[in-house]
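Protein sequence lines correspond, in order, to chains A and B. Counting along the first sequence from 1, when you hit position 48 you're at 48 in this note's numbering, and nothing is skipped either side. Residues are numbered in this note's numbering as their position in the second sequence, beginning at 1, plus a constant of 1000. Even for Gly, the Cβ is constructed at its ideal location relative to N, Cα and C.
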Amino acid sequence: MDNQKAKKELKIIEDWCKGCGICVAFCPKNVLTMENDKVVISDLDKCIKCGLCELRCPDYAIYLEVV
Amino acid sequence: MSSQLIKNNFREDRLPHIWCPGCGHGIIMRSLAQAVENLNLEKQKVCVISGIGCSSRTPGYLDFNTLHTTHGRALAFATGVKLANPELKVIVVTGDGDCTAIGGNHLIHTARRNIDITAIVFNNNIYGMTGGQYSPTTPTNEFGTTAPFGNIDKAFDICKLADAAGATYTARGTAYHVNQLTKIIENAISNKGFSLVDAISICPTYYGRKNKKGAAVNMMNYLKDFAVDAKVVDKLPPEKLENKFIIGEFKNTTEPEYTEEYMKIIKKYQKER
Chain A
1 MDNQKAKKEL
11 KIIEDWCKGC
21 GICVAFCPKN
31 VLTMENDKVV
41 ISDLDKCIKC
51 GLCELRCPDY
61 AIYLEVV
Chain B
1001 MSSQLIKNNF
1011 REDRLPHIWC
1021 PGCGHGIIMR
1031 SLAQAVENLN
1041 LEKQKVCVIS
1051 GIGCSSRTPG
1061 YLDFNTLHTT
1071 HGRALAFATG
1081 VKLANPELKV
1091 IVVTGDGDCT
1101 AIGGNHLIHT
1111 ARRNIDITAI
1121 VFNNNIYGMT
1131 GGQYSPTTPT
1141 NEFGTTAPFG
1151 NIDKAFDICK
1161 LADAAGATYT
1171 ARGTAYHVNQ
1181 LTKIIENAIS
1191 NKGFSLVDAI
1201 SICPTYYGRK
1211 NKKGAAVNMM
1221 NYLKDFAVDA
1231 KVVDKLPPEK
1241 LENKFIIGEF
1251 KNTTEPEYTE
1261 EYMKIIKKYQ
1271 KER
């Protein structure tokens, strides 16, 4: 993984998640799952930090933070 | 506690927004903020104006100059804002009903004038806020609360409508093809003249439920599978275009712009006085 991506961290704002499941369905690596109508990170090691979840989350509840 | 894009361009204390779970409007609103950021526009030079409807909640969340006006009249207010303050980048956020039914006349005349305004239609094919009535973009034979036996009207192609009325930039994007939509919005804002972006959204709560189109994910998959890019349309056989809709840029031309022409008149006759 290149340096730029290594500096990014996947974050979830649980209060903002409305449980639509769009991020779970369009994650290319199946990193995410739904639990009690909220998104959770089930397998962080598989995350390639592509940002597709952030791009399509209608509620801005999941994003990559530059650390 | 939220992403940098949200911190920079949104009124964070207003979030989360009121739109339903899976509503595509949030995706399009983020895309608009991304486009403004990509263009490096000064926040004080951007004015976002809306009418009434689900889409029209947008100015409440975006941290630019914002104006929430009356049903269908956002373009009329925007014309006033632009003429009073021509250096502003004026962006109108409207819905399919707000833009083409209640504000249909404003749409065609704003397009005819080619005034430098960018209209982004959050097109979810239904009136969401008022309870799922069919709109001018509900396809024929589909259902709404006011069309319980199917809609017999034909749907508007908003891009063709704006094109025929005189808009100099028309394009269609979707809530699924986000990066393309962002690029389209950037080009629309950059165009000096009237630009119309038909941004196809999803409404799982009313349009989806009334027409048994499934949940948000199914509706996103529909956008993915049934959208055909304008660049490849000519190369495809007609059977591959059945039931499909076309996305991409349709028109990008330059014509005299209204505020500039208006200022020319003022300059000319002030000299003579």
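B/Y1176 in three-state terms, based on DSSP: Correct three-state label for B/Y1176: coil.
Beta-carbon spacing of A/C23, A/C53 below 7 Å: Yes, these two residues count as a Cβ contact at 7 Å.
Chain A contacts from the region 1021-1043 of chain B (Cβ-Cβ distance under 8 Å): If the cut-off is 8 Å between Cβ atoms, the region 1021-1043 of chain B has P1021, G1022, C1023, G1024, H1025, G1026, I1027, R1030 near chain A.
Burial state of B/L1223 (16 or more Cβ within 10 Å): By the neighbour-count rule (16 or more Cβ atoms within 10 Å), B/L1223 is buried.
B/G1128, buried or exposed, once every other Cβ within 10 Å from all chains shown has been counted against 16: For B/G1128, the number of other beta carbons within 10 angstroms of its own is at least 16, and it is reported as buried.
Residue closest to B/A1033, alpha-carbon to alpha-carbon, out of B/T1253, B/K1210, B/K1183: Distance check between B/A1033 and each of B/T1253, B/K1210, B/K1183 places B/K1183 closest, using alpha-carbon atoms only.
Contact check, B/F1064 vs B/V1081, beta carbons under 7 Å: No, the Cβ-Cβ distance between B/F1064 and B/V1081 is not below 7 Å.
Near-chain B residues of the region 2-27 of chain A - C-beta to any C-beta below 9 Å: Cβ proximity to chain B below 9 Å picks out K11, I13, D15, W16, C17, K18, G19, C20, G21, I22, V24, A25, F26 from the region 2-27 of chain A.
A/L55 at chain B interface by Cβ criterion, 7 Å: At least one chain B Cβ lies under 7 Å of A/L55.
Chain A contact for B/N1216 (CB, 7 Å cutoff): Before going further, note that residue 1216 of chain B is Ala rather than Asn in the sequence given. Taking Cβ atoms only, chain A reaches closer than 7 Å to B/A1216, which makes this a yes.
CA nearest to the CA of A/L10, picked from A/C50, A/R56, A/D59: Ranked by Cα distance from A/L10, the first of A/C50, A/R56, A/D59 is A/C50.
Beta bridge counterpart(s) of A/E65 as assigned by DSSP: The partner list for A/E65 (beta bridge, DSSP) reads A/E9.
Selection of the region 1164-1182 of chain B by Cβ proximity to chain A, strictly under 8 Å: Per Cβ criterion, the list reads A1175, Y1176, V1178, N1179.
Assigned secondary structure, B/F1194 (DSSP; H/G/I helix, E/B strand, else coil): Look at B/F1194 here: in three-state DSSP terms it is coil, with no helix or strand label.
Proximity winner among B/N1038, B/R1172, B/I1200, relative to B/A1230 (alpha-carbon distances): Ranking the options by Cα distance to B/A1230, first place goes to B/R1172.
Inter-residue Cα distance where the pair is B/H1177 and B/Y1269: Each residue's CA atom was taken as its position, placing B/H1177 and B/Y1269 some 49 Å apart.
Residue range of the unbroken beta strand (DSSP E) whose run includes B/D1229: Counting along the chain, the unbroken beta strand (DSSP E) around B/D1229 starts and ends at 1227-1229.
Nearest-angstrom Cα separation, counted from A/Q4 out to B/R1112: Looking at the two C-alpha atoms, the distance is approximately 47 Å.
Unbroken alpha helix (DSSP H) run spanning A/L54, endpoints: In the sequence as presented, Leu is not what sits at residue 54 of chain A; that position holds Glu. Where A/E54 is concerned, the enclosing alpha helix (DSSP H) stretches over 52-56.
B/K1235, DSSP secondary structure in three states: Looking at B/K1235 - three-state DSSP - the assignment turns out to be helix.
Residues of the region 1057-1085 of chain B whose Cβ lies closer than 9 Å to any Cβ of chain A, in chain order: Taking 9 Å as the Cβ-Cβ cut-off against chain A, none of the residues of the region 1057-1085 of chain B qualify.
The region 1123-1143 of chain B in contact with the region 1210-1224 of chain B per 3-pair CB rule at 8 Å: Cβ pair count under 8 Å is three or more, so yes.
Terminal residues of the beta strand (DSSP E) in which B/E1012 lies: Looking at the DSSP string, B/E1012 is not in any beta strand (DSSP E), and its letter there is neither H nor E.
First and last residue of the uninterrupted beta strand (DSSP E) at B/A1155: Annotation for B/A1155: no beta strand (DSSP E) segment contains it, and DSSP assigns it neither H nor E.
Any 3 or more C-beta pairs closer than 8 Å across the region 1143-1155 of chain B and the region 1163-1172 of chain B: At 8 Å Cβ cutoff, the stretches do not touch.
Residue of B/A1101, B/K1043, B/A1074 minimising C-alpha distance to B/R1057: For B/R1057, the closest C-alpha among the options B/A1101, B/K1043, B/A1074 is that of B/A1074.
Spatial neighbours of A/E14 in its chain, beta-carbon cut-off 6 Å, leaving aside the 5 residues before and after: These residues qualify, in order along the chain: K38.
8 Å Cβ shell around B/P1139 - same chain, five flanking residues per side excluded: If we look at B/P1139 and ignore the five residues flanking it on each side, its Cβ neighbours are N1125, N1151, A1155.
Any chain A beta carbon closer than 7 Å to B/M1220: Closer than 7 Å to some Cβ of chain A, the Cβ of B/M1220 qualifies, so yes.
The region 1233-1241 of chain B / the region 1094-1109 of chain B touching (three or more Cβ pairs under 8 Å): Contact annotation: the region 1233-1241 of chain B does not touch the region 1094-1109 of chain B, with fewer than three C-beta pairs closer than 8 Å.
Given B/F1226 as reference, the closest of B/I1265, B/I1115, B/I1200 once Cα atoms are compared: B/F1226 has its Cα closest to that of B/I1200, out of B/I1265, B/I1115, B/I1200.
Beta-carbon gap between B/K1160 and B/E1257 smaller than 7 Å: No, the Cβ-Cβ distance between B/K1160 and B/E1257 is not below 7 Å.
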